[in-house]
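Trainee: Take this structure, written in structure tokens, and hold onto it; I'll ask about it next.
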Amino acid sequence: MHIISLALGGCIKAPPVRYGLTEDTGGHIAYILGEMAALAAHPKVEKAEIVTRLFDDDSLGADYARSREVLPCGPSITRIDSGDRRYLAKEALAADRAGFTEAFIAELQSRDRLPDLIHAHFADAADVACEVRRRLGIPYVYTAHSLGIDKLRSMQHGAAAGLQGRIAEETRAVCHADAIVASSRDECERQLLQYDGCEPTRVHRLRPGTLAASAKPDFAPAERLIAPFLREPDKPVILAIARPVAKKNLHALVEAYGRSESLQRAANLVILAGLRSGLSSGEREQRGVIAGLVDLIDRHDLYGKVAYPPRHTQEDVRSLYALASASGGVFVNPALTEPYGLTLIEAAAHGLPVVATRNGGPSDILDELEHGALVDPTDIEAIGSATLNLLTDREAWLRAARNGRENCRDMSWDVYADGFVQLAGDVLQRRRSSPSSCPAEELLVCDIDNTLTGCAASAQRFRRYVERRRDLSFCVATGRSLVEARRILREWRLPQPDIFITSVGSEVYRQGDSGLELDQDFASSIGANWHPEEIDALLATVRGLTPQSAVEQRRWKRSYFADDPAVAGRVRRLLAASGIEAKVIYSHQRLLDVLPARAGKGAAMLHVARQTEIAPHRIVAVGDSGNDFDMLQECANAVLVGNHDSDLDRLVSAPNVYVARRSHAGGVLEGHLIHSRRRRSISMQAEKAA
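Quick note: the sequence shown uses our numbering, first residue 51, plus one each step.
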């Protein structure tokens with residue numbers, strides 16, 4: 051497989067990269083280099099190639115005028131000469147796009163073999179990739195990195211006028227891409243779905259890798275970098291790393307620090323805001339941000355307490371993370387909105403607790419890593435208070451540092467590359483082949499978390515088993531959303547299901563003519579008399595019930611945290627007394643879901659069986675937790691894996707349930723084989739009797 055990663059903006063070269071050299075040389079460059087280095091090392095990838103603009107600018111360096119460059123880590127860079135050799139910032143790139151597109155297509159046509167797939171970064175590259183696909187037939191995957199709709203809402207009307215064209219471009223990219231890749235659930239399940247024509251079935255979540263922490267950190271580069279600015283360099287470090295653009299909201303952090311004498315006594319503030327050769331250097335927005343930082347430092351008399359070095363290297367960045375962690379410091383990302391937040395993962399890898407904006411991807415990251423606090427980025431006092439709390443509460447600091455280190459271990463570029471290769475294979479197969487018409491004779495319905503996952507070796511045995519069984523239709527039934535279900539299956543290298551039952555049995559997705567599609571028949575059957583707004587209002591009064599995050603609130607599902615199982619009974623009684631027909635499901639000793647009365651995993655499973663014309667006695671359902679109860683109760687051939695929760699103990703003696711001795715996917719295989727043997731035995735006895 052030959053994969054091209056296409057990006058038009060910024061300064062892309064072999065490491066070391068001078069991040070912040072221009073406004074457009076930011077996190078997406080680290081993403082592309084990390085992605086392509088991992089893809090170059092992947093056994094299924096023959097060639098990993100980065101394609102970008104060629105430009106010749108003495109102030110930026112000669113590297114960007116080279117048409118070819120081979121990186122030490124494996125991938126190559128091809129720079130396309132569009133006819134305009136100036137460096138162009140993002141706003142000026144549109145005028146060059148037609149020339150770049152023609153030059154890129156001509157370059158591809160001159161090759162002996164075309165690439166298999168293009169990964170387009172930002173909407174301008176997607177626009178180029180769309181034209182390449184039209185003329186040469188090469189499919190493309192789109193990653194937005196930063197979307198305009200949320201930014202539009204945070205700007206005043208006059209300032210927002212220039213974003214309309216960008217949003218139109220993003221809409222085209224979203225609608226036309228063969229698949230869409232994003233990093234966070236917020237991007238996948240909220241931001242992207244705001245664009246007209248975005249189909250959730252084409253959106254996939256792949257978590258990026260991160261800057262690895264050194265086993266033996268070297269503090270010397272960081273100490274040399276910041277010592278000239280600080281009177282007491284041995285204090286803990288409050289660290290921020292961001293491009294010098296307004297949306298990164300660095301001024302709010304300096305303001306919070308300047309207002310708080312307690313923060314100033316507790317720690318120094320270190321800000322890496324791009325590269326500059328003076329306060330008047332760089333593009334207009336960069337100059338404005340840096341001038342604002344200096345003005346705030348001056349007004350609050352913060353000299354000797356704040357370091358804002360004009361230049362830094364990747365070695366300096368790694369050293370600063372390590373120094374901030376060793377000093378008992380905190381990393382702060384106060385952005386007005388952050389699509390993902392790669393620096394928060396890097397901080398986690400170094401055992402550095404974080405305070406981050408609650409807007410965008412950081413809410414997902416902190417939910418998964420549990421290594422800090424979320425704040426409203428417009429609340430100056432909240433930024434200062436959350437930072438001071440972590441600096442002064444040693445127990446909370448140690449817990450966050452430990453969580454970050456442990457929970458980010460599976461966020462690697464190798465895991466990302468494996469997922470991307472699987473996705474690329476799906477895209478290429480979908481374009482080259484038609485779905486099989488061979489009808490299935492059996493339906494295997496499995497929960498995912500702790501049923502199929504939990505043991506890597508048995509997960510791979512299960513994958514091989516399903517791939518051999520052409521007569522078997524494989525379906526997953528999960529509390530997760532479609533995006534998260536596919537991410538987990540990819541990361542565990544589990545087989546691609548024929549059917550997805552997601553969001554605790556409130557959504558069903560099946561393969562259609564154009565790929566995976568929402569089952570509208572099931573949606574119609576459960577949607578009658580479903581009034582989620584009334585449920586929201588009613589349950590807001592229930593003590594001990596806390597709404598889960600916005601992405602967990604689905605069209606046919608409302609989700610809460612409830613640590614006391616008795617809350618589920620109170621919710622059922624309250625809904626019934628109010629005349630609201632709904633199903634309440636409690637699982638994992640803390641999750642409570644409210645669904646339409648006709649929804650649930652059991653109802654979805656029976657709907658799928660009817661649609662696929664599979665008889666009930668040929669269904670095997672496997673689960674481990676409370677939200678699997680109705681599915682297992684409804685199935686004549688139910689299986690409890692050996693590691694099942696106590697929620698399901700009441701099913702252990704049920705005649706339709708087999709309790710596996712093995713756990714996780716091994717228990718799924720054991721249970722399916724037992725039920726298959728029983729069915730064959732019954733069939734043989736019936737034949738003898740006849």
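Just so you know, even glycine gets a beta-carbon here, dropped at the ideal spot from N, CA and C.
1. To which residues of the same chain is Ile669 closer than 6 Å at the C-beta, ignoring the five residues directly before and after it?
2. Compute the Euclidean distance between the alpha carbons of Glu420 and Ala148, then round it to the nearest angstrom.
3. Could you tell me the boundaries of the alpha helix (DSSP H) in which Arg622 lies?
4. Could you tell me the boundaries of the alpha helix (DSSP H) in which Leu656 lies?
5. If you reduce the DSSP assignment to three classes, tell me which class Ser55 lands in.
6. So for Thr393, helix, strand or coil by DSSP?
7. Thinking Met681 and Ala573 are a contact (beta carbons under 8 Å), I'd like their distance in whole angstroms, please.
8. Quick one: measure Cβ to Cβ for Val382 and Ala290, integer angstroms, because I've assumed they're closer than 8 Å.
9. Three-state secondary structure (DSSP) at Glu282?
10. Can you say whether Pro489 is buried or exposed, counting buried as having 16 or more other CB atoms within 10 angstroms of its CB?
11. Ordered along the chain, which non-local residues of its own chain (more than five positions away) have a Cβ less than 7 Å from that of Asp426?
12. Alpha carbon to alpha carbon, what distance is there between Asp348 and Arg315?
13. Tell me which residue opens and which closes the alpha helix (DSSP H) that Asp521 is part of.
14. So, under 8 Å CB-CB, Leu313 and Leu110 are touching, yes? Tell me the CB distance rounded to an integer number of Å.
15. Contact between the segment 225-245 and the segment 254-262: three or more CB pairs below 8 Å?
16. Please classify Tyr390: is it buried, with 16 or more other beta-carbons within 10 angstroms of its beta-carbon, or exposed?
17. Measuring CB atoms only, is the segment 236-250 touching the segment 610-629, in the sense that at least three cross pairs come out at less than 8 Å?
18. Pop quiz: Val320 and Ile340 are said to be a contact at Cβ under 8 Å. What is the actual Cβ separation, rounded to whole angstroms?
19. Give every residue of the same chain whose Cβ lies closer than 6 Å to the Cβ of Gly378, excluding the five residues on either side of it in the sequence, and list them in chain order.
20. Return yes when the Cβ of Ser575 is within less than 8 Å of the Cβ of Arg622, no when it is not.
21. Report the rounded CA-to-CA distance for Pro485 versus Tyr559, giving the unit in angstroms.
22. Just curious, the alpha helix (DSSP H) that Thr117 is in, first and last residue?
23. For Glu396, which residues in the same chain have their Cβ closer than 7 Å to its Cβ, ignoring the five residues on either side in sequence?
24. Using the beta-carbon count (16 or more within 10 Å), is Gly60 buried or exposed?
25. Give me, in chain order, the residues of the same chain whose beta-carbon lies closer than 7 Å to that of Thr179; leave out the 5 immediate sequence neighbours on both sides.
26. Let me make sure I understand the geometry here. Which of Gln214, Ala153 and Gly84 has the alpha-carbon closest to that of Pro125?
27. Cα separation between Ala406 and Ala423?
28. By DSSP, does Tyr515 sit in helix, in strand, or in coil?
29. Tell me whether Lys633 sits in a helix, a strand or coil according to DSSP, three-state version.
30. What is the DSSP secondary structure of Val592, reduced to helix, strand or coil?
31. Here's a check: name, in chain order, each residue in its chain whose Cβ is nearer than 7 Å to the Cβ of Ala317, leaving out the five neighbours to either side.
32. Could you tell me which residues DSSP pairs with Glu557 in its beta bridges?
33. Give me whichever residues DSSP pairs with Arg608 in a beta bridge.
Mentor: In short, the structure shows the following:
1. Result list for Ile669: Leu493, Ala659 and Cys685, in chain order.
2. Distance between the alpha carbons of Glu420 and Ala148: 46 Å.
3. Segment Ala616 to Ala627, the alpha helix (DSSP H) holding Arg622.
4. Lys651 to Thr662
5. strand
6. helix
7. In fact, because the Cβ distance is near 19 Å, the residues do not count as touching under 8 Å.
8. 5 Å
9. Three-state result, Glu282: coil.
10. Around the beta carbon of Pro489, a 10 Å sphere encloses fewer than 16 other beta carbons of the protein chains shown; the residue is thus reported as exposed.
11. Arg408 and Ala432
12. 18 Å
13. That residue, Asp521, is in no alpha helix (DSSP H); it is neither H nor E in DSSP.
14. About 37 Å; that fails the 8 Å criterion.
15. yes
16. Buried: at least 16 other Cβ atoms inside 10 Å.
17. no
18. Actually they are not in contact, since the Cβ atoms of Val320 and Ile340 sit about 15 Å apart, beyond 8 Å.
19. Cβ within range, chain order: Pro286.
20. no
21. Bear in mind that a pLDDT of 49 at Pro485, under 50, signals an unreliable position, so the model cannot answer this.
22. What sits at residue 117 in the sequence shown is Ser, not Thr. Looking at the DSSP string, Ser117 is not in any alpha helix (DSSP H), and its letter there is neither H nor E.
23. In the same chain as Glu396, and ignoring 5 residues on each side of it, the C-beta atoms closer than 7 Å to its own belong to Thr260, Leu261 and Tyr371, in chain order.
24. buried
25. Residue identity check: residue 179 is Ala in the sequence provided, not Thr. Result list for Ala179: Leu56, Ile168, Ala170 and Tyr190, in chain order.
26. Gly84
27. 6 Å
28. helix
29. strand
30. Here Val592 sits in coil by DSSP.
31. Exclusion of the five residues before and after Ala317 leaves Lys285, Pro286, Val287, Ile288, Gly379 and Leu441 as the residues of its chain whose Cβ lies within less than 7 Å of its Cβ.
32. Thr552
33. Val644
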